[in-house]
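This note's numbering applies: residue 360 is where the sequence shown begins, and numbers increase by one.
Here's the structure, in structure tokens; my notes come after.
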Amino acid sequence: MPESNPLHQLHPLGQSVWLDYIRREILENGELEAMIARYDLRGVTSNPSIFEEAIARSDDYDGAMEELAADGADASRAYETLAVQDIRRACDLFRPVYEAAGGHDGFVSLEVSPELAHSAEETLEEARRLWKAVGRPNLMVKVPGTEQSVPAFEQLIAEGINVNVTLLFSISGYERVMEAYLRGLEKRSEQGGALDRVASVASFFVSRVDSAVDAQLEKLGGDTARSMMGKAAVANAKLAYHRFTEIFAGERWERLAGRGARVQRPLWASTSTKNPEYRDVIYVEELIGPHTVNTMPLATVEAFADHGVARRTVDQDVASARQVLADLRELGIDLDAVTEQLQTDGVEKFSKSFREMMQVVEEKLSRVAQKA
Numbered sequence: 360m361p362e363s364n365p366l367h368q369l370h371p372l373g374q375s376v377w378l379d380y381i382r383r384e385i386l387e388n389g390e391l392e393a394m395i396a397r398y399d400l401r402g403v404t405s406n407p408s409i410f411e412e413a414i415a416r417s418d419d420y421d422g423a424m425e426e427l428a429a430d431g432a433d434a435s436r437a438y439e440t441l442a443v444q445d446i447r448r449a450c451d452l453f454r455p456v457y458e459a460a461g462g463h464d465g466f467v468s469l470e471v472s473p474e475l476a477h478s479a480e481e482t483l484e485e486a487r488r489l490w491k492a493v494g495r496p497n498l499m500v501k502v503p504g505t506e507q508s509v510p511a512f513e514q515l516i517a518e519g520i521n522v523n524v525t526l527l528f529s530i531s532g533y534e535r536v537m538e539a540y541l542r543g544l545e546k547r548s549e550q551g552g553a554l555d556r557v558a559s560v561a562s563f564f565v566s567r568v569d570s571a572v573d574a575q576l577e578k579l580g581g582d583t584a585r586s587m588m589g590k591a592a593v594a595n596a597k598l599a600y601h602r603f604t605e606i607f608a609g610e611r612w613e614r615l616a617g618r619g620a621r622v623q624r625p626l627w628a629s630t631s632t633k634n635p636e637y638r639d640v641i642y643v644e645e646l647i648g649p650h651t652v653n654t655m656p657l658a659t660v661e662a663f664a665d666h667g668v669a670r671r672t673v674d675q676d677v678a679s680a681r682q683v684l685a686d687l688r689e690l691g692i693d694l695d696a697v698t699e700q701l702q703t704d705g706v707e708k709f710s711k712s713f714r715e716m717m718q719v720v721e722e723k724l725s726r727v728a729q730k731a
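What follows is the structure in structure tokens.
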């Protein structure tokens, strides 16, 4: 049995720890399997930035690249082949977690191309294709929570495809996604589909909100503005959680739950601390509670294992969270505008990583083809 650490105290409080990191080496050398036990990991998330780093900064994929180059694969086919192989392996490692949780946990996320974020039709098509290509029940296809992609998400749920809706920053955007989840389940139920194995999480980004709001507070200057720094992100997330508890309650939800439906859990994303003046596990410690997931980069996982404090916090001090947002409005900070810009920037950041990754894959394919 692995030695217990604070991460093992999170699941009894209702929170699942997912790792926001993947690369071939840890899948093949037993490291991820060991981490599942050591850190009580219950899932993995990936995104274009993570794959770009894994492929560009390691030789993990060179052998597979040689085979793909010999087969005449272009960059797009090569990337998808590599990603699907990694995600399948990760799904298989987490399959025991998935089975033990009755299909409620043990998921691995693979993102559709962020270049499609503004097209519901193309997002839907690619999500279906990836779901089929991976062929694992504990896959979660990751789609952006942009207004244009929400109809695709709703249809995927109706089809029984697990979805991680990503790049959510605002409470209104999150509400739109929760409503789409309920409609998708209702549509599936009307069509006679089973609801008990349909799973979804809503990835609500945290630390980037503080980075953006703190920059505005810094510009304002003065004691009041400075005293508000580092408070917006947790307050925003707590109020999002409060809406989650309201939406997944009442007659409409109870009807679906009676047919086996599960809540769409909020997943706290972007939980590494960007400001070195803040506690390095603040975005974990402040958002612990029932029906939540926290996906953490490895450094945050290790930090919480070392000195994290596990206690239920996500539904504490909700009135104080409301006051924080009211105080920010008083200072002239428009959180709606901030979160809208963060989603736009987030899509662009992932799109840029995706393009850079495709360039790296193309260069590596070309290099190994010349060697042959």
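All residues carry an ideal CB built from backbone N, CA and C; glycine is no exception.
Quantities reported herein were computed from a predicted structural model and do not represent experimental measurements.
- No Cβ-Cβ contact shorter than 8 Å links A517 with G494.
- If the five residues before and after A432 are omitted, its C-beta is found closer than 8 Å to the C-beta atoms of T440 and L724, all from its own chain and listed in chain order.
- Of the other Cβ atoms in all chains shown, 16 or more fall within 10 Å of the Cβ of H650; this residue is therefore buried.
- DSSP places S559 in no alpha helix (DSSP H) but in the uninterrupted beta strand (DSSP E) bounded by S559 to F564.
- With the rule of 3 Cβ pairs closer than 8 Å, the segment 402-413 counts as touching the segment 366-383.
- W627 places its beta carbon less than 8 Å from that of A596.
- Distance between S679 and D686, taken at the CA atoms: about 10 Å.
- DSSP places K590 outside both helix and strand once states are collapsed to three, so it counts as coil.
- Per DSSP, G402 is one residue of the beta strand (DSSP E) stretching across L400 to V403.
- By the Cβ criterion, the segment 605-614 is not in contact with the segment 630-642, since fewer than three pairs of Cβ atoms, one from each stretch, lie closer than 8 Å.
- Counting along the chain, A628 sits inside the beta strand (DSSP E) bounded by residues R624 to A628.
- If the five residues before and after L598 are omitted, its C-beta is found closer than 8 Å to the C-beta atoms of I530, V677, A680, R681 and L684, all from its own chain and listed in chain order.
- For the pair A539 and F564, the CB atoms are not nearer than the 8 Å cut-off.
- At a Cβ-Cβ threshold of 8 Å, R621 and I647 do not count as neighbours.
- Taking C-beta atoms as the reference points, D695 and Y600 fail to come closer than 8 Å.
- Runs of the alpha helix (DSSP H) lying entirely within the segment 515-543, each at least 4 residues long, are absent.
- According to the DSSP assignment, L372 belongs to no beta strand (DSSP E), since it is labelled neither H nor E.
- Counting only residues of its own chain and dropping the five nearest sequence neighbours on each side, L386 has a CB closer than 8 Å to the CB of D445, R448, A449 and L452.
- Annotated three-state conformation of N653 is strand, per DSSP.
- Around the beta carbon of L369, a 10 Å sphere encloses 16 or more other beta carbons of the protein chains shown; the residue is thus reported as buried.
- With contacts defined as CB atoms closer than 8 Å, G705 and L526 qualify as a contacting pair.
- In this structure, the alpha-carbon of H666 lies about 10 Å from that of T659.
- The beta carbon of Y642 lies closer than 6 Å to those of V565, S566 and T630 in the same chain, with the five residues before and after it left out.
- Residue state for F603 is assigned as helix, using DSSP reduced to three classes.
- Looking only at M424, I409 and R624, the smallest Cα-Cα distance to Y533 is reached by R624.
- The closest CA to that of S586, considering only E661, A594 and L576, is found on L576.
- Per DSSP, reduced to three states, the secondary structure at S417 is coil, with no helix or strand assignment.
- Cβ-Cβ distances below 6 Å link E425 to V727 in the same chain, with the five nearest sequence neighbours on each side left out; the list follows chain order.
- Sixteen is the threshold: when 16 or more other Cβ atoms of the shown chains lie within 10 Å of the Cβ of A584, as they do, the residue is buried.
- E392 sits away from E715, with the two beta carbons spaced by 8 Å or more.
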